[in-house]
Each structure stands twice: as structure tokens, then as C-alpha cells.
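Visitor: Heads up: the sequence shown begins at 391 in the working numbering, then just goes up one per residue.
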Amino acid sequence: MLNKKDNSILFLVLGIVLAVIGVILTALLIIQYGPKRSPATVSEELIELFQTTPSHTATQALQHISNSTPISPSATPSDLPTPSQTPEWMVYEAIDLRDQPIDALLTMRCNDDQVYLPPFNVVPYSPELIDSGIFYSVLNFSIAWEHLGFYGLWVHSGQTQTLESLPAYPLQLYLENDARGYRRTQDDFQQHLQACLLGAELRLRQEGTISINEVVAAVRIPPTAVDEVSRHPMDLVPYLAENFPDSGFDQMQAPGLIFYFCGRQLTAEAYNSELDYWTQSRIIIGFMPAGLE
């Protein structure tokens, strides 16, 4: 049997172990959920990678769009295409989404801010990717889909359980957090969107090929509207143009590119208990090749 001295030592050791575990868990919670200053600078080495002369295929895109017309907000589901089952459409501005990983650099309109999205792979949409749950459990790829002549990229955001940042997380953090690292309010988010993101430059890179684009539309879907917007992947642009008329999506023309990723609850915003911490909202950004009107 243990004597009182042994019991005291045992409880002391147990107390120390529990205290250490508590400190570690608290630190992890602070790291994941506490204030984080958003990234707004990029190394000179990374910037240099994006200085390659734009691909000549930008001219081809210009010729293509000259015959296009603005998207109609009144398009109905019966007018809409079904998801492509072949990947042949997965080439945007000479960026072959089927071929190799892509990365991105955004240069904002305020404070010389820049945000870098690390390389990510892209696969074409298929019902199996969603129905099987693979897209939600295997986080090392993004989904591409084509609708009404637009290229959509559903990019993973947030962090994994091991605190690994996913590709869209730097941009998510830049938009959602203020300069102190605290979550913005809805009004502050919208002001930041208008002042910094709209009109910003996006450079997509795939090895030596660079595609230069301009942000022409952007919207944040609040927790209360996530379920509804999720029903409109194949008429996303006209849906956003009609239901969020100040977002700029009525100005989108094909070919255009869309980033679609999840966001968190903002300050003083109601929490949707049917969604998890990282998927409370949706952030949708529309790009068009630079120089196209």
C-alpha cells in the first residue's frame, strides 16, 4: 500500500501533468481561435516569381470576350448547363488547371497590401467528389467547375486540426481580421472589401505562365444565406447579380474566374449551429482578365 508520502508525490505529479496539459490545450486554443494579424506582405523572392511576362494567350481571351455579352441576372435553371464531365474546358488564360499546381498573388488597392496563396492542385467537379465526402476530408485539392462560361474554383480555407493553413486561408484572414488581429464586424468587412479588394490585381502562376486579372466583384454570404447559395453552383453568377446587386457580379462577363471559399462568423453576427466554425459563411470573388472591359 502507498503511504501518505507516496500519495502526496503521486498527486503532485498528477497535478503537474494535468496543469501542463491544460496549458498546452489553452495555448492551442489561443493559436487557433485567438487574435491573428492578417498577412499583408510578401517576400521579394515570391514577388519576383510573378513578374514573368503575361502569356500570349491573353490576346486569345480578348478575342473571345469581344463576342461575349454580360450575364443576365434573369437566367433560369432550365437555361443552365449541367456540370462538365470532361476536363477539356479546364484551361484559363493558358493556365491548365488539369496539369500542375497553381499559386496566386493578390495586390490590394490599399496600403500596398499583398496576399500570397500557396500552390494548390485542382480537379474537375464530379458528383462523387461531393457525395463521397472526399472533398471535405481530403484537403489537398480544390474543385473546378464550369458554368455559363465562367470558371469556378472552390478552394479550401481555414486550418486543419493540426493547424496547417489551407490555400485560401491567407486571403480569408486578410478579409476577416482587422489590423490588430480581431474579427471584423459585418459593416467593417464590407468597407474593407470595397476599399481594398475590389479593383485589386490577381496574378495566377503555373511555372512560367502568368495570368493577370482584376477583381471586379466580391461578396460575403452570411451564415443565414449559406444554404441557399449552395443550391446555385450552376447559376452562381446570375444568382449573385440578382440577390446581391451591389456585389459587382452583374458586371461579370465570360470568360471570368471565381474564387469560392468558406469563412467564419464575424463579430456580433448570429452563429449558425448547423455549420461548423470554419464554414459559417461563404466568400465569393469574381475576376476578369486584366484590360478587358
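Positions of the beta carbon are idealized from the N, C-alpha and C atoms, including for glycine. None of the values given here were measured: they were computed from a predicted structure.
Beta-carbon separation of Q670 and Q596 under 8 Å?
Guide: no
Visitor: With distance defined between alpha-carbon atoms, name the residue in T599, E554 and Y661 nearest to A387.
Guide: The structure shown does not extend to residue 387, since the chain is modelled only from 391 to 683, so the question has no answer here.
Visitor: Given a cut-off of 8 Å on the beta-carbon distance, is the pair Q655 and P613 in contact?
Guide: yes
Visitor: Assuming A534 contacts G523 under a Cβ cut-off of 8 Å, what Cβ separation, rounded to an integer in Å, is found between them?
Guide: The C-beta separation of A534 from G523 comes to about 19 Å, leaving the pair out of contact by the 8 Å criterion.
Visitor: To the nearest angstrom, report how far apart F677 and E664 are at their CA atoms.
Guide: Looking at the two C-alpha atoms, the distance is approximately 30 Å.
Visitor: Give me the Cβ distance between A430 and V505, rounded to the nearest whole Å; I'm assuming they're in contact under 8 Å.
Guide: 7 Å
Visitor: Tell me which residue opens and which closes the beta strand (DSSP E) that Q596 is part of.
Guide: E591 to Q596
Visitor: So what does D486 bridge to, in DSSP terms?
Guide: V481
Visitor: So what does DSSP say about P679, is it helix, strand or coil?
Guide: DSSP places P679 in strand when its eight states are reduced to three.
Visitor: Which residue from Q441, S398 and L436 puts its Cα closest to that of I602?
Guide: Q441
Visitor: Using 8 Å as the cut-off, can you tell me whether the region 501 to 516 makes contact with the region 549 to 558, which would need three or more C-beta pairs spanning the two stretches below that distance?
Guide: yes
Visitor: Under a three-way DSSP split, which group does D636 fall into?
Guide: coil
Visitor: Roughly how many angstroms separate the alpha carbons of T599 and D486, rounded to a whole number?
Guide: 10 Å
Visitor: Would you mind stating whether A494 and R593 have Cβ atoms separated by less than 8 Å?
Guide: yes
Visitor: With a 10 Å radius around its C-beta and 16 neighbouring C-beta atoms as the bar for buried, classify E618 as buried or exposed.
Guide: exposed
Visitor: Please report the distance separating the alpha-carbon of P635 from that of S516.
Guide: 30 Å
Visitor: Near W479, what residues of its chain come up, given a Cβ to Cβ distance below 7 Å and the 5 sequence neighbours on each side ignored?
Guide: E536
Visitor: Distance, Cα to Cα, I437 vs E591?
Guide: Each residue's alpha carbon lies about 13 Å from the other.
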